[in-house]
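Asks: Note that my numbering numbers the sequence shown so that position 51 is 39, with each residue one more than the last.
Positions of the beta carbon are idealized from the N, C-alpha and C atoms, including for glycine.
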Amino acid sequence: MSSLIYLQGYPESLLSQVRSLIEQQRLAEVLQKRYPDSHNITSDKALYEYALDLKNSYLRNAAPLNKVAYDSKIKVMKHALGLHTAVSRVQGGKLKAKAEIRVATIFKSAPEAFLRMIVVHELAHIKEKDHSKAFYQLCCHMEPNYHQYEFDTRLWLTEQALRGNAA
């Protein structure tokens, strides 16, 4: 089923449950019940402060964040939910590193748990570059419900796509 593009790699038993919810037109209802509140982190400044608070709580010794912003150019299907970039430049005799996080604009209207999962994921890339076991352990350290939020984010994106809203 082409509407399950965000759920590739999950077991067929789980996908059949999702298909059933879609057929019954209950996917949005289930997600709304589980995540009734939206967030008010809609500006780049608020997103930067949100990410910085998480970083300062869990990654105090990691490289500083230079920029955190929503990015309308991120297409969820082609790229990811967010992007982390590290740019190193030589200035004078010193090497300057800048870390940036960009989050797809569609998450301005997502539940806060989904935004948190994306920010945690991108922050984890500051310390762990690859999607390794250590990377996911760090994600779960910062957000114990990380894996559930990731799955539910994929459900939400599936529901958005069914409504024609996904980026």
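With contact counted as at least three CB pairs below 8 Å, one residue from each stretch, are the stretch 115 to 135 and the stretch 92 to 106 in contact?
Replies: These segments touch.
Asks: Let me confirm a value: K82 is counted as buried when at least 16 other C-beta atoms fall within 10 Å, else exposed. Which label applies?
Replies: Exposed.
Asks: Of all the options L150, Y124, K115, which has the alpha carbon lying nearest to the alpha carbon of P52?
Replies: Answer by Cα proximity: K115.
Asks: Quick one: what does DSSP say Y58 is sitting in, helix, strand or coil?
Replies: Correct three-state label for Y58: strand.
Asks: Decide if Q13 is buried, meaning its Cβ has at least 16 other Cβ atoms within 10 Å, or exposed.
Replies: Classification for Q13: exposed.
Asks: Answer yes or no: does any C-beta atom of chain C fall closer than 8 Å to that of T146?
Replies: The displayed structure is made up of one protein chain only, and chain C is not part of it.
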